[in-house]
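A.B. asks: What follows is a single structure, and I will ask about it in a moment.
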Amino acid sequence: MTLTLSFVYGLSALFLSAQSAGDEIRAEEIRKLKTCLELIETDPEAAYEMSLAWLYEGNRPGARECKASAMIALGYYEDGALQLEALANAPDAGSTQTRAFHWSKAGNAWLQGGFPDEAILAFDNAFKLDSEDFNRYTYRAQAYLMTEDWERAEADLDISISNQPGDLAAYMLRATARSEQGRYDAALQDIDQAMAIEPENIDVLVLRGDIREAKRLSEE
1 MTLTLSFVYG LSALFLSAQS AGDEIRAEEI RKLKTCLELI ETDPEAAYEM SLAWLYEGNR
61 PGARECKASA MIALGYYEDG ALQLEALANA PDAGSTQTRA FHWSKAGNAW LQGGFPDEAI
121 LAFDNAFKLD SEDFNRYTYR AQAYLMTEDW ERAEADLDIS ISNQPGDLAA YMLRATARSE
181 QGRYDAALQD IDQAMAIEPE NIDVLVLRGD IREAKRLSEE
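Straight run, no breaks: the sequence shown in the working numbering ends on number 220.
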């Protein structure tokens, strides 16, 4: 199970930045970026073409984010992630919160592309800038799970769950981490919590079956 950041998620921080600065140019850039990110959901190729035209007009951060996001949606995860990392480090990237978001988005792209080590580094860089986004602990935990670092995955998920106790995905991921460590009863407790949130979720039911079977085999 891999979670992904919504492409439109980061607009709130940018919008507040534009409001406080009263920058009409920045506000127009945000409007275009919003259009691009919404277009990605339905037609990523058109969004990519939009990004190229926008870049031709000027190498604005919004245009670069538009291009990187479109590339990720088209399956070019590595290229998109690298471009987002470059944007996060660029002098014109924006606020600390915005830079952290770009790192998180890059981390998600690395995850989608199957590059967990690169994802962990990206999320680490995001945490250096903003430690208050508890969803990021869930994202980084997925990367730790991919590297079979069960203990670090569980530690991140402990933080995520303690701050967001209704996070279904976090309970499922922690159940997986605990099960892989042979702690089946603790894993099933997480499954119970997940089922309390969504009793009919098929993924939860399948995971419960897998953990029960692993426990049974361990007791033979």
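Heads up, the beta-carbon is just placed ideally off N, CA and C, and yes, glycines get one too.
These numbers come from a predicted model, not from an experiment.
Less than 8 Å separating the beta-carbons of E154 and R174?
C.D. replies: Here E154 is near R174, since their CB atoms are less than 8 Å apart.
A.B. asks: Using the three-state DSSP reduction, which class does G75 fall into: helix, strand or coil?
C.D. replies: coil
A.B. asks: Check whether the Cβ atoms of G107 and Y139 sit closer than 8 Å, and answer yes or no.
C.D. replies: yes
A.B. asks: When you compare the CB positions of H102 and L74, do they come within less than 8 Å of one another, or not?
C.D. replies: no
A.B. asks: List the whole-angstrom C-beta distance separating M172 from A194, where the pair is believed to meet the contact cut-off of C-beta under 8 Å.
C.D. replies: 5 Å
A.B. asks: I need the straight-line Cα distance from G22 to A122, nearest angstrom please.
C.D. replies: The predicted model places G22 with a pLDDT of 48, which falls under 50 and marks its position as unreliable, so this point remains unresolved.
A.B. asks: Using three-state DSSP, classify R183 as helix, strand or coil.
C.D. replies: coil
A.B. asks: I need the DSSP call for D124, collapsed to helix, strand or coil.
C.D. replies: helix
A.B. asks: Thinking C-beta only, is I191 closer than 8 Å to L168?
C.D. replies: no
A.B. asks: Rank D117, P91 and E29 by C-alpha distance to the C-alpha of G62 and give the top, closest one.
C.D. replies: E29
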